[in-house]
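**Q** Provided herewith is a single structure, encoded as structure tokens, for subsequent inquiry.
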Amino acid sequence: AWLATMVANHSGIDLQGIYLDEAGAGDEIELLLLDQWSTDDDTHVEWVDLHILELYGLEPTYAQIRDEWVKHLNNDIWVSTRVARQLMDQGVVPPETGGPMLNPEGVWSIDAQLQTELFGMIAPGLPDEAMRRARYFARVTNSGLAVEASAFYANLYARAFFESDVAVLIEQAKGDFSAETPIYTITNNVQQWHSANPDDWRITRQLIRDNYDDAPEWWASKVNFATTIMALLYGDGDLLKTINIAGLAGWDADNNMTTSAGLLGIIHGYQQLPEPIKSASDIYFNEDVTGDLPRFDSVSNIALRTQRLGERVLAGE
8 AWLATMVANH
18 SGIDLQGIYL
28 DEAGAGDEIE
38 LLLLDQWSTD
48 DDTHVEWVDL
58 HILELYGLEP
68 TYAQIRDEWV
78 KHLNNDIWVS
88 TRVARQLMDQ
98 GVVPPETGGP
108 MLNPEGVWSI
118 DAQLQTELFG
128 MIAPGLPDEA
138 MRRARYFARV
148 TNSGLAVEAS
158 AFYANLYARA
168 FFESDVAVLI
178 EQAKGDFSAE
188 TPIYTITNNV
198 QQWHSANPDD
208 WRITRQLIRD
218 NYDDAPEWWA
228 SKVNFATTIM
238 ALLYGDGDLL
248 KTINIAGLAG
258 WDADNNMTTS
268 AGLLGIIHGY
278 QQLPEPIKSA
288 SDIYFNEDVT
298 GDLPRFDSVS
308 NIALRTQRLG
318 ERVLAGE
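Adding 7 to a residue's 1-based position in the sequence shown gives its number in our numbering.
And the structure:
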């Protein structure tokens with residue numbers, strides 16, 4: 008999962024905010040294959056959170072999260088994450104750092120839903136546990152829809168260890184939300200639009216724009232959550248097809264590509280990853296992480312560290 012997210016994330020960075028009124032032309036994006044992966048908010052916030060879980064255990068306090076973020080998360084953070092981090096310097100502790108009074112952008116921004124998939128990875132087959140942990144960390148930066156989108160994504164990731172059909176996964180995760188919730192409604196609408204237009208994702212993309220592109224900026228939770236569900240449904244388990252759709256669909260493209268790729272990475276496993284993703288670099292450079300943490304890691308070691316935490320969750324720690 009981690010290797011797929013690295014490729015998807017870096018391939019989508021230059022697509023952020025490019026396709027807004029209309030989707031991009033063509034059927035494919037160009038994959039960016041670097042000699043080493045660098046930090047980006049789609050991955051390095053979770054890398055620091057991984058460190059927090061290793062340091063303090065599986066149930067860190069908000070004060071402990073604040074302390075580690077102050078030490079290590081000071082660069083390449085944006086929107087409500089940056090506001091939350093600035094509030095920490097003023098002595099504010101989560102979840103107030105993500106609350107609507109002090110962090111109004113966190114009501115509508117995407118931040119948490121691109122920073123919490125980790126909590127599904129460490130809870131294989133335990134979607135309720137995954138959602139609980141994702142919501143806990145999501146409230147560091149957000150109070151709005153992104154908190155529930157984070158829970159939905161973590162649910163998908165947790166279930167993906169035992170279910171390979173993406174459409175089934177989405178339906179199962181949707182069932183864990185009340186029919187009155189925005190997450191349920193958005194998911195259900197995208198499912199219906201996909202069923203009505205199964206061969207043309209661009210029709211569904213236009214419906215998403217008409218119905219959900221109503222936030223102040225393109226890095227909004229709602230429109231990007233809907234787009235990710237769309238990409239997963241139309242990609243139908245094909246990793247490259249899925250990230251192509253997520254990239255060309257636009258808005259905060261790299262985030263939607265990364266979340267989708269990570270889910271399909273779990274489903275397929277490393278040995279079944281398509282080329283050129285399978286042969287991509289294993290080097291991870293912590294360019295923007297501050298403090299005394301290692302400057303370099305490897306993608307395979309990040310995966311191993313995640314696995315070890317998952318084993319502890321399964322053991323009931």
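Don't be surprised by glycine CBs; every beta carbon is placed ideally from N, CA and C. Computed from a prediction, not measured in an experiment: that's the story for all the values here.
With respect to the alpha helix (DSSP H) encompassing Phe159, which residues constitute its N-terminal and C-terminal limits?
**A** Along the sequence shown, one-based indexing puts residue 159 at 152. Where Phe159 is concerned, the enclosing alpha helix (DSSP H) starts and stops at 152 to 166.
**Q** Could you say which of Thr297, Ser87, Ala130, Met138 lies nearest to Thr46 if we only look at CA atoms?
**A** Against the sequence shown, residue 46 aligns to sequence position 39. Here the closest residue by C-alpha is Thr297.
**Q** Kindly identify the DSSP beta-bridge partner or partners of Tyr143.
**A** Residue 143 sits at position 136 when you count from the first residue of the sequence shown. None, per the DSSP bridge assignment.
**Q** Leaving out five residues before and five after Asn231 in sequence, what residues of the same chain have Cβ atoms less than 7 Å from its Cβ?
**A** What you label residue 231 is simply residue 224 of the sequence shown in a count that begins at 1. Taken in chain order, the residues that qualify are Ile117, Trp258, Asp259, Asn262, Asn263.
**Q** Measuring CA to CA, which of Trp54, Met108, Glu112, Asn251 is closest to Thr88?
**A** Against the sequence shown, residue 88 aligns to sequence position 81. Taking the Cα of Thr88 as reference, the smallest distance to any Cα among Trp54, Met108, Glu112, Asn251 is reached at Glu112.
**Q** Give the straight-line distance between the Cα atoms of Val320 and Gly276, rounded to the nearest whole angstrom.
**A** Walking along the sequence shown from the start, residue 320 turns up at place 313. Walking along the sequence shown from the start, residue 276 turns up at place 269. If I take the Cα positions, the gap works out to 20 Å.
**Q** Exposed or buried, what is Thr68 when buried is set at 16 or more other beta-carbons lying within 10 Å of its beta-carbon?
**A** Translated into the one-based positions of the sequence shown, residue 68 becomes position 61. Residue burial annotation: Thr68 is exposed, with fewer than 16 other C-beta atoms found within 10 angstroms of its C-beta.
**Q** Which full runs of the alpha helix (DSSP H) of 4+ residues lie inside the stretch 41 to 79, going along the chain?
**A** When DSSP assignments are scanned along the stretch 41 to 79, the uninterrupted stretches of alpha helix (DSSP H) that are 4 or more residues long and fall wholly within it turn out to be 51 to 63, 69 to 79.
**Q** Quick check on this structure: which residue in Ser267, Met138, Ser202 has the alpha carbon closest to the alpha carbon of Ser157?
**A** The count along the sequence shown starts at 1 and reaches residue 157 at position 150. Closest option to Ser157, Cα to Cα, is Met138.
**Q** Where does the unbroken beta strand (DSSP E) through Ile284 begin, and where does it stop?
**A** Counting from one through the sequence shown, the residue named residue 284 turns up at place 277. Counting along the chain, no beta strand (DSSP E) covers Ile284, and no H or E run does either.
**Q** So, under 8 Å CB-CB, Thr266 and Tyr160 are touching, yes? Tell me the CB distance rounded to an integer number of Å.
**A** Working through the sequence shown from its first residue, we reach residue 266 at position 259. Working through the sequence shown from its first residue, we reach residue 160 at position 153. Their Cβ separation, rounded to whole angstroms, is 6 Å, which keeps Thr266 and Tyr160 in contact under 8 Å.
**Q** Would you list the one or two residues that DSSP bridges to Phe303?
**A** Position 296 of the sequence shown, counting from 1, holds the residue named residue 303. Looking at the DSSP assignment, Phe303 forms a beta bridge with Phe292.
**Q** What do you reckon, are the CB atoms on Met237 and Ala256 nearer than 8 Å?
**A** Position 230 of the sequence shown, counted from the start, is the residue given in the question as residue 237. Position 249 of the sequence shown, counted from the start, is the residue given in the question as residue 256. In this structure, Ala256 lies closer than 8 Å to Met237 by Cβ.
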